[in-house]
Amino acid sequence: MDDLIRSHLEEYGQDPNIIAQAPGRVNLIGEHTDYNEGFVLPMAIDYYVRVALSRRKDQHLRFFSSDLQDRKRTSLSNLRFKKEDRWANYPKGIISVLLNRGYDIGGLSFTVMGNVPIGVGLSSSAALEVATAYAVQKLLGIEISGPELARLAQEAENSFVGVQCGIMDQFVSRMAQAGSAMFIDTRNMEYRHIPINLLTVKILITNSSVPRSLVDSEYNQRRAECEKCVSLLSARKSGRSLRDYSAADLRDSMGLIPETTRKRCLHVVEENERVREAEGALKKNDIVSFGKLMNRSHESLRDQYEVSCPELDWLVKRAWETEGVYGSRMTGAGFGGCTVTLIEEEAIPKYEARLEAYEKIFSFKPETFLCHPADGARIVFQQDGS
Ligand code: GLA
């Protein structure tokens with residue numbers, strides 16, 4: 338934290354008034370269900386983005402990434418998405434949404450620092466959005482509930498950045514509790530914290546290191562396909578999202594719905610069932626059943642929703658072959674990114690040894706790291722009187 342304060346001071350000649358941190362996340366199960374009003378079971382990870390903020394006397398917005406040594410600037414009256422602003426579009430989006438909601442915001446200087454791996458499906462962007470929104474909220478003394486702040490951050494991503502993501506990442510980054518995963522019903526935002534008691538079992542992330550060029554276009558396309566399917570299904574049985582339909586409804590709709598679409602939507606409704614079962618298993622501390630559900634989830638993402646890739650499938654297979662692994666699956670939107678594996682601590686070296694061939698086959702270097710269920714957004718520094 339001292340580094341961030343020093344970095345802010347060097348950049349702006351002023352101490353920060355406030356610093357907020359927000360975590361990245363790993364989704365344990367419930368993939369591509371959140372934009373279909375379904376269930377998800379993610380947890381926040383102990384990797385964070387921190388945003389330091391100080392007030393300015395003018396109407397400018399300055400952004401400094403101390404990790405990337407990159408600077409961007411704009412003014413409150415000229416807030417637009419600009420491709421070349423890359424990472425700074427996320428905090429810009431938050432300010433834009435707050436202004437649209439009528440909040441009175443003056444000029445601000447931002448410094449960003451973090452250790453959430455960027456662009457690998459662990460929600461570094463959601464963490465940056467949530468940390469920004471939370472810092473601004475607390476600095477200006479705005480009343481916004483946690484779920485509402487998550488919505489606001491999602492809106493920034495949907496309408497300012499232009500990615501049609503669901504609510505999961507922002508919600509868990511704001512609302513998580515250390516030691517627990519979160520069951521979220523994305524239809525009505527009801528949620529429960531589910532304690533994770535793993536004892537000797539670890540949550541291991543493996544980054545496939547695959548460049549993720551397809552992810553945004555394929556993501557938006559999958560989303561559109563789900564919506565199209567609902568419009569076709571609703572001609573027979575009323576409903577407003579895939580949440581309102583069962584696997585039987587989809588099986589009965591052969592001929593009505595194009596085969597690929599039907600297969601993909603089957604993933605969504607079956608994944609919802611798996612999340613419910615996984616919640617039950619986690620509550621009973623039944624890691625064996627939980628792991629099997631993770632494996633089924635991966636197969637379905639690979640074969641039905643078709644968002645995996647050879648590299649992720651290879652990593653998951655190596656995990657499945659390793660004694661001491663309970664479950665392993667791709668996590669996040671897919672097309673590269675990471676896998677998440679529940680593994681006995683003593684089995685980790687055996688699993689890692691199996692990954693040695695990966696680089697030769699795919700020419701990317703995989704990375705593994707442990708993570709623990711962490712708290713959602715927090716204020717970690719506040720100057721007296723600000
Ligand atoms: C991304 C999105 C989430 C969710 C997942 C897939 O992480 O931001 O809203 O849709 O993909 O489950």
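Under the numbering used here, residues 338 to 723 are what the sequence shown spells out, in order.
Note that CB positions come from ideal geometry on N, CA and C, so glycine has one too.
Quick one: using the 10 Å Cβ neighbour count with 16 as the cut-off for buried, is P532 buried or exposed? exposed
Measure the C-alpha to C-alpha separation of V454 and S461 and round it to an integer number of angstroms. Looking at the sequence itself, residue 454 is Pro, so the reference to Val does not match. So the alpha carbons of these two residues sit roughly 7 Å apart.
9 Å Cβ cutoff met for S496 and S403: no
Say yes only if the C-beta of D553 is nearer than 8 Å to one or more non-hydrogen atoms of ligand 1, and no if none qualify. no
Can you name, in chain order, every residue of its own chain whose Cβ lies under 6 Å from the Cβ of F699, other than the five neighbours on each side? E648
Inside the region 495 to 581 only - alpha helix (DSSP H) runs reaching at least 4 residues: 505 to 512 and 552 to 570
So does I521 have its beta carbon nearer than 8 Å to some heavy atom of ligand 1? no
Ignore the nearest five residues each way along the sequence and tell me which others in F706's own chain have a CB closer than 7 Å to its CB. I542
With distances taken from CA atoms, which of Y528, R392, E636 and R362 is nearest Y349? R392
P379 by DSSP, collapsed to three states: which one? strand
Taking the DSSP output, what are the residues bridged to P703? Its beta-bridge partners do not exist; DSSP assigns none.
Tell me which same chain residues have a C-beta within less than 8 Å of the C-beta of N692, skipping the five on either side of it? It should be pointed out that residue 692 corresponds to Leu in this sequence rather than to Asn. Excluding sequence neighbours, L692 sits near T543, L652, R655, P703 and T705.
Among all residues, which have a Cβ less than 5 Å from at least one non-hydrogen atom of ligand 1, and in what chain order do they fall? E368, H369, D371, C502, G503, M505, D506, G669 and A670
Distance check for V377 and K420, CA to CA, integer angstroms please. 31 Å
For a test of the three-state rule: what should DSSP assign to N622, helix, strand or coil? coil
Close-in-space but distant-in-sequence residues of the same chain around N534 (CB under 7 Å, 5 per side omitted): N622
Considering G483, what are the terminal residues of the alpha helix (DSSP H) in which it resides? G483 to E492
N-terminal and C-terminal residue of the alpha helix (DSSP H) that Q474 is part of: S461 to L477
For M380 and M519, the rounded distance between their alpha carbons: 6 Å
Range covered by the beta strand (DSSP E) that runs through S446: L445 to G451
I think F401 touches F447, with their Cβ atoms under 8 Å apart; what is that distance to the nearest whole Å? 7 Å
Apart from the five residues on each side of it in sequence, which residues of its chain come closer than 7 Å, Cβ to Cβ, to S546? F701, K702, P703 and E704
Could you check the C-alpha separation between R488 and I504 for me, to the nearest Å? 7 Å
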